[in-house]
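First residue of the sequence shown? That's 1 in UniProt numbering, and the numbers climb one at a time after it. Even glycine gets a Cβ: it sits at the ideal position worked out from N, Cα and C. Beneath this line is the structure, given in structure tokens, with notes to follow.
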Amino acid sequence: MGSNIEDNQDDVPMELQLKGKKASSQKLKRHDSLDVEASKMPNAKQVVGLSVLLKLAFQSIGVVYGDIGTSPLYVFSSIFLEGVKHEDDILGALSLILYTITLIPVIKYVFIVLQANDNGDGGTFALYSLICRYSKVGLIPSTMAEDSDVSTFKLDMPDTRTRRASHLKSMLENSQFAKFFLLIATMLGTSMVIGDGVLTPCISVLSAIGGVKAAAPEAMTEGRIVWLAVAILIVLFMFQRFGTEKVGYTFAPILCLWFVLIAGIGVYNFVIYDIAIFRALNPMYIVSYFQRNGKDAWISLGGVVMCITGAEALFADVGHFSVRSIQISMCFVTYPALILAYLGQGAYLMKNADDVANTFYASIPKTIYWPMFVIAVLAAIIASQALISGTFAIIQQSLALGCFPRVKIVHTSKKHHGQIYIPEINNLLMIACVLTTIGFKTTEKLSNAYGIAVVFVMFLTSCFLVLVMILIWKTNILLIIVYVLIIGSVELVYLTSVLYKFEQGGYLPLAFAMFLMFVMYVWNYVYRKKYHYELEHKISPEKVKETMDATSSHRLPGLAIFYSELVHGIPPIFKHYVENVPALHSVLVFASVKSLPISKVPLEERFLFRRVKPYDLYVFRCVVRYGYNDMRNEEEPIEKLLVERLKNFIKEDYMFSIAANGGNQGETASLIEKDVEVLERASNMGVVHLVGEQDVVACKGSGVAKRLVINYAYNFLKRNLRSQSNKVFDIPTKRMLKVGMTCEL
1 MGSNIEDNQD DVPMELQLKG KKASSQKLKR HDSLDVEASK MPNAKQVVGL SVLLKLAFQS
61 IGVVYGDIGT SPLYVFSSIF LEGVKHEDDI LGALSLILYT ITLIPVIKYV FIVLQANDNG
121 DGGTFALYSL ICRYSKVGLI PSTMAEDSDV STFKLDMPDT RTRRASHLKS MLENSQFAKF
181 FLLIATMLGT SMVIGDGVLT PCISVLSAIG GVKAAAPEAM TEGRIVWLAV AILIVLFMFQ
241 RFGTEKVGYT FAPILCLWFV LIAGIGVYNF VIYDIAIFRA LNPMYIVSYF QRNGKDAWIS
301 LGGVVMCITG AEALFADVGH FSVRSIQISM CFVTYPALIL AYLGQGAYLM KNADDVANTF
361 YASIPKTIYW PMFVIAVLAA IIASQALISG TFAIIQQSLA LGCFPRVKIV HTSKKHHGQI
421 YIPEINNLLM IACVLTTIGF KTTEKLSNAY GIAVVFVMFL TSCFLVLVMI LIWKTNILLI
481 IVYVLIIGSV ELVYLTSVLY KFEQGGYLPL AFAMFLMFVM YVWNYVYRKK YHYELEHKIS
541 PEKVKETMDA TSSHRLPGLA IFYSELVHGI PPIFKHYVEN VPALHSVLVF ASVKSLPISK
601 VPLEERFLFR RVKPYDLYVF RCVVRYGYND MRNEEEPIEK LLVERLKNFI KEDYMFSIAA
661 NGGNQGETAS LIEKDVEVLE RASNMGVVHL VGEQDVVACK GSGVAKRLVI NYAYNFLKRN
721 LRSQSNKVFD IPTKRMLKVG MTCEL
């Protein structure tokens, strides 16, 4: 066998050989892998009833919209840091807010970006995985021809724009720089979202508690506000262990009440103070605002962008709910409430411009001030939830794609696969939030840091989305140009504005991102090196008998499963094991664990088998395929699933042999019965799970940088993060055997 499983027909798993024979006429029409790509994203949609959809929409209010929903607490104060200089500046700023909310969260995210979900999951890594699936830009050489036969991987026939898509695909696949750039950009975007998850709780809670200082400035000093915020943050993160569903049901009623109240207060304010505030819908006020203020207006965009903080959560959290549920909750609840709230605040400021530093609390009618303060604090706590949930989702995706150290993932809902909790990440976020709150102390300082993370992630999402439009959707080029000129240009202008405040706190999200990128790159770099090492030292199936004969191995009753991430061939750890333990079980299965760049792989399509010849060795190769959001082994233990699927394969293997070469059916039935009996007897005698425990060191002659990365940085991460070898398949500890081996990379 060659280096790839698809090198010859004998190496193709039996299920695919049978399938290929029946559909050979269709396969002959394929000239390029892109020729079967869809003009729309594959999405494993489930038909859900209206009641379920509304239930998810309700839950999403408590999880997704806390951040963007509480932005009225601090937007106007962030725009006018030095006060209002001209009355029409209020109308100009309000017009900017209204059009920004409409353009970015609603038009871009709700109606465009959400369509780029990966089988229901969103986020930066979901976009990257889509691009990897439609073009070979991944840096791990584990692609198999059979992967495209997974139903959630499949693509429709292309349209007339295939040539442009194929050209871009070819450029990406042939450029090593492009592959690394896409990976690094994905890591940077992911790191920024996580940084967002640190800053959101800090600024939201501090803004809400600021209402106490506004009402009783003598009683609440800055120090007391900071420590009260820290206490609230700790409680919030401790609450995460109960899961997204319980968090959503708990928080959704509070946030619904928040949206009703800010909308009502908004209506009250523009009726009382300035009913003509709707003139801010005229975009000419934006033009005159820039003409009057010039550079100061450009700098103030860093405050305007605060009105769309949390927009990325609409995409990052879509896996917890559904596209349609988020569209419903955004269009019918969140968006109208925010528009009314900002109109009301603008109307109030037209008569009370001196209160701009405390716009939200100053504009609340006195009779409901303290009830509104309580709701504001609760809403601010909830605001943190959107990015915390999004952080859990993208960590899970990056982990499955080999870009993050293994951490424990707890699935908190049996109904919705995307609802997860990661204890280690939750604790790290809590510590980072507490330290950031203590360090920055005020929302004004935090807003400088916050803007960069928000806008950079949005701009990066737009860049990836353009690739998706060309490669996958094959969108009309004129529509792509319109998207870039309107949305892309607006985001670029906002990005230049927030970068201006780099020295005033903007460095913080970049520092977070650099640290997280370092961790992700180190892990991914060694992950790729280990895979290439195994690939170079693999044992071909033809050498298995020779290896076993050379070591005079004895066969013991039982079933042994060797686990590895190597898809092509048998991992070198097998030879290492045989040389040191000259005894093998009667049935051997080499299970290659593979994560596909898709969200989920159907259970019936999870296993691919091939039998190593001669048949009397009873040695099998197996590829176990998972999507990055698959719940591994929730249904039943891996060994039970594997044995059942292996029995089916043995029967199909013999039946194919009869169809291809002829043979006696009675004799074949006897052989099938015998082999199935051997397998059942072996599994009944006991199953041993052999997991490779590889220590890695830089090879002799390596440079200083390589030695630092492998010998120190990677091994430090490995020692200090929990090992998940047995958790991947829920392997019983008593029946797991770790095989140690040192790899020089």
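Once DSSP output is grouped into helix, strand and coil, what is the label at residue i?
i	result
residue 88	helix
residue 82	coil
residue 409	coil
residue 62	helix
residue 696	strand
residue 442	coil
residue 576	helix
residue 49	coil
residue 539	strand
residue 644	helix
residue 554	strand
residue 136	coil
residue 747	Look at the range of the chain in this structure, 1 to 745, and you will see that residue 747 is not part of it.
residue 738	strand
residue 317	coil
residue 733	helix
residue 274	coil
residue 403	coil
residue 448	helix
residue 295	helix
Relative to the C-alpha of residue i, which residue among the options is closest?
i	options	result
residue 592	681, 351 and 689	689
residue 101	311, 436, 617 and 191	311
residue 506	473, 456, 463 and 489	456
residue 134	470, 482 and 320	470
residue 532	501, 512, 565 and 541	565
residue 557	570, 708, 686 and 163	686
residue 562	437, 497, 691 and 254	691
residue 738	718, 719 and 693	693
residue 71	621, 87, 436 and 335	335
residue 389	733, 59 and 512	59
residue 187	518, 250, 643 and 363	518
residue 665	651, 676 and 677	651
residue 619	534, 596 and 678	678
residue 559	275, 639, 466 and 580	639
residue 480	568, 492 and 466	466
residue 654	293, 641 and 672	672
residue 496	89, 297, 370 and 572	297
residue 410	422, 401, 400 and 402	422
residue 540	284, 573 and 318	573
Name the DSSP bridge partner or partners of residue i?
i	result
residue 627	596
residue 421	410
residue 559	587 and 687
residue 620	589 and 611
residue 389	None; residue 389 has no bridge partner.
residue 570	539
residue 744	697
residue 564	592
residue 121	118
Mind reading off the beta-carbon distance from residue i to residue j? Whole number of angstroms is fine, and I expect it under 8 Å.
i	j	result
residue 434	residue 233	6 Å
residue 745	residue 474	So it is not a contact: roughly 40 Å between Cβ atoms.
residue 333	residue 114	Their Cβ separation, rounded to whole angstroms, is 16 Å, which puts residue 333 and residue 114 out of contact at 8 Å.
residue 381	residue 226	16 Å between Cβ atoms; not a contact.
residue 426	residue 180	Not a contact, Cβ separation roughly 31 Å.
residue 625	residue 606	6 Å
residue 79	residue 300	5 Å
residue 647	residue 612	Wrong, their Cβ atoms sit about 17 Å apart, outside the cutoff.
residue 266	residue 340	4 Å
residue 714	residue 526	4 Å
residue 208	residue 62	Contact doesn't hold; Cβ gap of about 16 Å is too wide.
residue 500	residue 294	Between residue 294 and residue 500 the Cβ distance is about 14 Å, and since that is not below 8 Å, they are no contact.
Kindly say whether residue i, judged by its beta-carbon, lies nearer than 8 Å to any beta-carbon of chain B.
i	result
residue 508	In the structure shown, chain B does not exist; there is a single protein chain.
Task: At least three beta-carbon pairs within less than 8 Å, the stretch 169-178 to the stretch 194-201 - done: The way I'd put it, the stretch 169-178 doesn't touch the stretch 194-201; fewer than three beta-carbon pairs between them come closer than 8 Å.
Open item on the list: Count Cβ pairs between the stretch 577-589 and the stretch 678-694 that sit closer than 8 Å; are there 3 or more?
Closed with: For the pair of segments examined, the stretch 577-589 was found to touch the stretch 678-694: the number of CB pairs separated by less than 8 Å reaches three.
- [ ] Count the C-beta pairs between the stretch 391-407 and the stretch 119-129 that are closer than 8 Å, then say yes if the count reaches three, no if not.
- [x] In short, these stretches touch, since the Cβ pair count reaches three.
Open item on the list: With a threshold of 8 Å, are at least 3 pairs of Cβ atoms found where one atom belongs to the stretch 64-79 and the other to the stretch 302-318?
Closed with: Output reads yes: the stretch 302-318 touches the stretch 64-79.
- [ ] Could you tell me whether the stretch 89-107 touches the stretch 338-346, using the rule of 3 or more Cβ pairs below 8 Å?
- [x] The stretch 89-107 vs the stretch 338-346: in contact.
Task: the stretch 274-291 in contact with the stretch 400-407 per 3-pair CB rule at 8 Å - done: Flag = no, the stretch 274-291 and the stretch 400-407 do not touch.
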